[in-house]
Amino acid sequence: MRSPALFVHPEVRDALRQRAPVVALESAVITAGLPRTPVPATATLGLPLWNTAGPVNLELARLAERTVRAHGATPATVAMIDGTLHIGLDADALDRLAMDESAKKISAATIAHARGRGSSAGTTVAATLLACSLPDEGPIRVFATGGIGGVHRNWTASPDISADVRLLAQTQACVVCAGAKSILDLPATLEVLETLGVPVVGYETTWFPQFFDRAEGDLALTCSVSNVDELATLCVSHWDEFHQPTSVLACVPIAAEHAIDTRTIADAIARVDAEALRSGAGGADRTPYVLRALVAATGGRSLLANLALLSQNVAIAAKLAVRMADTDEA
């Protein structure tokens with residue numbers, strides 16, 4: 002897609018031309034998912050080269066890109082900058098997006114509107130998946146995020162289903178995540194994904210991870226893999242042998258030391274979701290509202306867990322991208 006609406010960073014373009022490993026990174030987490038303030042002084046992150054005085058959203062974005070590079074792949078952070086969809090950001094653009102308080106988030110349904118208004122915005126899973134399919138040099142096949150959107154709780158009374166599930170059903174990419182966000186109706190989300198033909202694959206687990214919660218013994222998965230080699234083989238078979246048009250959802254449980262126990266997170270989510278309904282926070286505003294409220298409700302534990310699982314997912318995605326590039330060369 003050669004168009005003024007799209008800018009593919011030269012580094013990303015060259016990597017795609019050479020069929021080298023590339024990992025797409027969403028940016029709604031930068032503009033709407035994480036605070037523009039430093040982590041609490043009492044927090045212990047254990048994340049490499051983290052500037053504790055820097056804003057959380059920018060430091061996470063930088064960490065994600067460093068992690069991709071450290072594993073031998075090229076990062077492609079996707080965002081709307083002044084009405085142009087960028088696939089790959091330079092350091093100045095990343096800094097500017099992170100600190101622009103007017104930058105919100107856009108999904109597949111609002112991307113053209115943001116283009117027309119010349120807006121800057123972070124891209125959701127749906128908008129990032131759309132971007133993965135656009136480069137003339139070839140699609141980006143691996144994408145890392147925290148968790149996907151899906152069917153919201155109380156959907157029978159207040160219908161709210163993320164566009165993420167539709168884009169997962171029509172874009173060929175492996176989305177490495179920690180399952181779906183815990184604030185969702187997870188059984189309903191899994192049913193929708195199954196109906197749409199999206200493989201939900203446990204990575205070193207047979208249970209559906211629930212973002213902050215490993216949730217072992219809750220929602221069983223029928224597909225699982227033990228390593229990136231098995232995951233790469235599954236993806237190649239899904240797309241190249243059986244010509245399936247859908248994404249593969251690779252679900253990685255949060256590390257046990259960062260997980261929040263089921264009861265604690267369930268009680269907190271129930272409280273903040275009720276607050277969201279009372280406040281009228283809906284549509285695109287609902288998830289950011291609930292995630293912010295969860296930070297307060299969990300004493301900051303949900304923020305630290307979010308950062309840990311994002312970092313973990315990016316590392317696995319980068320390894321997968323390298324393995325899939327090796328498969329292309331074979």
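In this note's numbering, the protein residues as written are 2 to 331.
We put the CB at the ideal spot given by N, CA and C, even for glycine.
As the structure is a prediction and not an experimental result, all values here were calculated from the model.
Less than 6 Å between C-beta atoms, sequence neighbours within five positions excluded: which residues of the same chain meet that for W240? Q173
Return yes when the C-beta of V273 is under 6 Å from any heavy atom of the ligand GTP, and no when it is not. As presented, the structure is devoid of all ligands, the ligand GTP included, so that no description of it is given.
Starting from the C-beta of T32, find all residues in its chain whose C-beta is less than 7 Å away, skip the five residues before and the five after it, and write them out in chain order. L98, A104, K105, K106, A122 and G123
Taking only three categories from DSSP, how would you classify P254? coil
Would a C-beta distance cut-off of 7 Å place L135 and L7 closer than the cut-off? yes
Drop a sphere of 10 angstroms on the beta-carbon of H153, count the other beta-carbons inside from all chains shown, and report buried for 16 or more, exposed for fewer. buried
Can you give me the start and stop residues for the alpha helix (DSSP H) that S225 sits inside? First-last for S225: C224 to V226, but that is the beta strand (DSSP E), not the alpha helix (DSSP H).
For V315, the three-state DSSP class (helix, strand or coil): helix
Would you say the segment 226 to 242 touches the segment 190 to 198, given that touching needs at least three Cβ pairs under 8 Å? no
Tell me, which residues are paired with C175 by DSSP? V143 and V249
Which residues does DSSP list as the beta-bridge partners of W51? Partner(s): none; W51 has no beta bridge.
Since F209 sits in a beta bridge, which residues does DSSP pair it with? Its beta-bridge partners do not exist; DSSP assigns none.
Which residues does DSSP pair with F8 in a beta bridge? H87
Quick one: is G281 buried, meaning 16 or more other Cβ sit within 10 Å of its Cβ, or exposed? exposed
Which value, in whole angstroms, describes the spacing of the CA atoms of F204 and V40? Correcting the residue identity first, residue 204 is Tyr in this sequence and not Phe. Answer to the nearest angstrom: the Cα atoms are 29 Å apart.
P76 (DSSP reduced to helix, strand or coil): strand
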